[in-house]
Amino acid sequence: MTRGDTFALGIIIALFSVYAVSNRLKKSLYRRRWANAKRAEIKAARLLHQAGFHIIRRQPTAKSLLYVDGTPKTTTIRADFLARRGFFTYVVEVKSGRSASQLRAKTRRQLLEYQLAFRPHGIVFVDMAQERHREIVFGPRITFSSILPLSLYFIVALLLGGAAGYFWGKGTWL
């Protein structure tokens, strides 16, 4: 074997070693994150119980239907908890880590996806870094169909009020 062969073999062994060590580090980091997330969920369950929430289900799933170019696609969405307080049902999202207190775009999209899939009253966002929870409710969209019943009630009330005033005035307008 020449010096060049030995050098090439050394490079190959070094690259393989770096690859193997980085894979082990990634697996170890993944296991640690998973274990931390599980611990955070257990603590979050206690925190929610203290805040008056009753946990209905852990790791609930919901199907979501969307159409891509007219073709239906079904996806499954998994949340951390489904909880109830009073008469209202909430989807619970638990975040642990340094950036848990910030509602970033990715998290907001995830919460909107929960809102569409589970149709809860609201979403409880649990920040385990600060050990607090926040209730998030997406406001209803104002559309013609949402304003129509309210405007009909107003018109009926106006007519009934006018009729009552007419009759109380003994047939004359006040």
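For any residue, its number in the working numbering is found by taking its place in the sequence shown, counting from 1, and adding 7.
All C-beta atoms, glycine included, are put in the ideal place defined by N, C-alpha and C.
No Cβ-Cβ contact shorter than 8 Å links residue 51 with residue 98. Between the region 111–130 and the region 156–169 there are fewer than three C-beta pairs closer than 8 Å, too few to call the two in contact. Of all alpha-carbon atoms in 48, 69, 57 and 39, the one lying nearest the alpha-carbon of residue 81 is that of 69. Listed in chain order, the beta strand (DSSP E) runs fully inside the region 14–80 are 61–65 and 68–75, counting runs of at least 3 residues. One thing to note: residue 55 has its Cβ no nearer than 8 Å to the Cβ of residue 144.
The three-state secondary structure of residue 142, taken from DSSP, is strand.
Boundaries of the alpha helix (DSSP H) around residue 125: 112–125. About 17 Å separates the Cβ atoms of residue 140 and residue 44, ruling out a contact at the 8 Å cut-off. One thing to note: residue 63 has its Cβ no nearer than 8 Å to the Cβ of residue 46. Separation of residue 35 and residue 26 (C-alpha to C-alpha, rounded to the nearest whole angstrom) is 14 Å. In this structure residue 171 does not touch residue 121 by the C-beta definition: roughly 47 Å separates them, more than the 8 Å allowed. DSSP places residue 95 in the strand class (E or B) of the three-state scheme. Only residues of its own chain outside the window of five on either side were considered, and among them 88 have a CB closer than 7 Å to the CB of residue 65, listed in chain order.
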